[in-house]
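Everything on this sheet refers to the single structure shown next.
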Amino acid sequence: MTFYEILRGIFEILVLWALFYQLYRAVKDSRAAAILAGLIATVILGYFLLELTHAVVLKHLAGLIIGPGTILVILFQPELRTALARLGSNKLIARLINSQQENQDFVTLVRESVSYLVSKRYGALIAICRSNKLHEYAKTGTELDAHYTRELIGTIFMPKTLLHDGAVIVNNERIVAAAAILPVSNRELKDRSMGLRHRAGIGLAEASDAVVIIVSEETGSVSLAVGNVVQRDINLDLLSERLTQLLYSHATQDKISEVADH
0 MTFYEILRGI FEILVLWALF YQLYRAVKDS RAAAILAGLI ATVILGYFLL ELTHAVVLKH
60 LAGLIIGPGT ILVILFQPEL RTALARLGSN KLIARLINSQ QENQDFVTLV RESVSYLVSK
120 RYGALIAICR SNKLHEYAKT GTELDAHYTR ELIGTIFMPK TLLHDGAVIV NNERIVAAAA
180 ILPVSNRELK DRSMGLRHRA GIGLAEASDA VVIIVSEETG SVSLAVGNVV QRDINLDLLS
240 ERLTQLLYSH ATQDKISEVA DH
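One point on numbering: in my numbering, the residue at position 53 of the sequence shown is 52, and numbering is uninterrupted.
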C-alpha cells in the first residue's frame, strides 16, 4: 500500500465519520442512536481488520454485502438491531462519541451558574480539580456527591445558608464538597477590592493545579486563578473559553493572560 493510498483511506474514514456523526446527532437520545453507534463501531473495526490482514477476498465480499440496502435491512431486523444497540451502548464507545459534547455541557453549566451568582451578587468560590483531587481540602468542609447544577450552586452560595462560607470543590464534574476551607495566599494584592475570598482562591491555585473561579460579592466581578496567574474581571464568554482550554486541552497557566496584581 502506497503512502497516497493510506492518506486516501484516512480521508475516506474521516468523511464517513463526519456523515455518521451528523446522523448520530439527528437521532441522539433515542434507541436509534445506540444502534447507529454499534453500526459505526462494526464498520470501523471491520475496515481496520481487513486492512491489517490484507484479506482481498473478504474485502471484496464486504464491499458487496455492506451497502445502503443491507444497512436498512439490518436496522429493521430485531435480532441484529438488538445486537448493534448493545454494542453501541458499550461504555467505551459511548465515551468516545459523547465525551466532547459532555465536556461542553459541563462548561455551559459552570457558565450558567456563574452568571446566576453574578446576577444575584452572591459571593462564591468554586475550585475545579485537575490532576490534584484536593481530598485534604474537601475533608475540611461538608463532603457531598452531587451533580453540578446551577440551582445547587445558587443554593449553596445563597447568603446565610449553612454552606455559603468557604469553597465548593468539583471533581470529575461533580460537587464533592461545600464550605471547604482553603489555604490563604500571602502574596501582596494591590487591588483592595480583593478580600479573603480572593486570597483563599489564589492560595489554592498556588498550592495545587486546580482551576479556581472567584465571584465577588461586592462588585459581582469574576476572577479566574490558575497557578500563579490571576485573571480579573473576565466576562462569561472568556470564562467558557478558558475553562475549555484548562480542563480539556491540557493547557498550562501561560495559556491565560496574566493580570498584573503582584
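C-beta: ideal position from N, C-alpha, C; glycine also.
What you are looking at is a predicted structure, and each value in this text was computed from that prediction instead of being measured.
Problem set entry | Nearest neighbour of Gly165, chosen from Ile213, Gly226, Trp16 and Thr243 [CA to CA] | Here residue 165 is taken as the residue at index 166 of the sequence shown, counted from 1. Closest option to Gly165, Cα to Cα, is Ile213.
Exercise. Count the other CB atoms within 10 Å of the CB of Phe105; is the residue buried (16 or more) or exposed (fewer)?
Worked result: In the sequence shown, the residue the question calls residue 105 occupies position 106. Burial call: buried.
Problem set entry | Whole-angstrom distance between Asp190 and Leu181, CA atom to CA atom | Sequence index remark: in the sequence shown, residue 181 carries index 182 (1-based). Sequence index remark: in the sequence shown, residue 190 carries index 191 (1-based). Approximately 20 Å between the Cα atoms of the pair.
Problem set entry | Which of helix, strand or coil DSSP assigns to Ser248 | By one-based count along the sequence shown, residue 248 stands at place 249. Annotated three-state conformation of Ser248 is coil, per DSSP.
For this session: Identify, in the order they occur along the chain, each residue of the same chain with its Cβ nearer than 7 Å to the Cβ of Gly219, setting aside the five sequence neighbours on each side.
Result: Position 220 of the sequence shown, counted from the start, is the residue given in the question as residue 219. Excluding five sequence positions before and after Gly219, the CB atoms of its chain that fall closer than 7 Å to its own CB belong to Val117 and Arg120, given in chain order.
Exercise. Taking the continuous alpha helix (DSSP H) assigned at Arg231, which residues delimit it?
Worked result: Position 232 of the sequence shown, counted from the start, is the residue given in the question as residue 231. Boundaries for Arg231: no alpha helix (DSSP H) harbours it, and the DSSP string shows neither H nor E there.
Exercise. Alpha carbon to alpha carbon, how far is Asp208 from Glu150?
Worked result: The count along the sequence shown starts at 1 and reaches residue 208 at position 209. The count along the sequence shown starts at 1 and reaches residue 150 at position 151. Pairing Asp208 with Glu150, the inter-Cα distance amounts to about 27 Å.
Problem set entry | Beta-carbon proximity of Gly200 to Ala126, cut-off 9 Å | Residue 200 sits at position 201 when you count from the first residue of the sequence shown. Residue 126 sits at position 127 when you count from the first residue of the sequence shown. Yes, Cβ-Cβ distance for Gly200 and Ala126 is below 9 Å.
Exercise. Does DSSP classify Leu79 as helix, strand or coil?
Worked result: For the purposes of this step, residue 79 is taken as the residue at position 80 of the sequence shown. Bear in mind that the predicted position of Leu79 carries a pLDDT of just 47, short of 50, making it unreliable; the figure below should be weighed with that in mind. Correct three-state label for Leu79: helix.
Exercise. Would you say Ile152 and Ile168 are within 9 Å of each other, going by their C-beta atoms?
Worked result: Sequence index remark: in the sequence shown, residue 152 carries index 153 (1-based). Sequence index remark: in the sequence shown, residue 168 carries index 169 (1-based). In this structure, Ile168 does not lie closer than 9 Å to Ile152 by Cβ.
Problem set entry | As assigned by DSSP and simplified to three states, the class of Asn102 | The count along the sequence shown starts at 1 and reaches residue 102 at position 103. Helix.
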